[in-house]
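Numbering-wise (my numbering), the sequence shown opens with residue 290 and increments by one.
Down below is the structure, laid out as structure tokens.
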Amino acid sequence: MGTTWYLVLSALLFAIGAGWVLVRRSPLVILLCLELMLNSANLALLAFGRNLGNA
């Protein structure tokens, strides 16, 4: 898989997390969605690192 697929997956996960943060009212669900958003950012960083040869 190329870097593009990882970035698309990361953007999709981030969008899902952001959407659920805006929709839900439960603090636990909001925290879980924020964690999903942070994990998607980590995935994007890993994809860029792999592309640049640093990971």
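We put the CB at the ideal spot given by N, CA and C, even for glycine.
In this text, all values refer to a predicted model and were calculated from it rather than measured experimentally.
Beta-carbon proximity check, residue i vs residue j, cutoff 8 Å
| i | j | result |
| --- | --- | --- |
| residue 303 | residue 330 | yes |
| residue 306 | residue 290 | no |
| residue 339 | residue 292 | yes |
| residue 295 | residue 341 | no |
Unbroken alpha helix (DSSP H) run spanning residue i, endpoints
| i | result |
| --- | --- |
| residue 326 | 316-341 |
| residue 306 | 292-312 |
Whole-number beta carbon distance between residue j and residue i, since they are thought to touch under 8 Å
| i | j | result |
| --- | --- | --- |
| residue 309 | residue 297 | With 8 Å as the limit, residue 309 and residue 297 do not qualify as a contact, their Cβ atoms being about 19 Å apart. |
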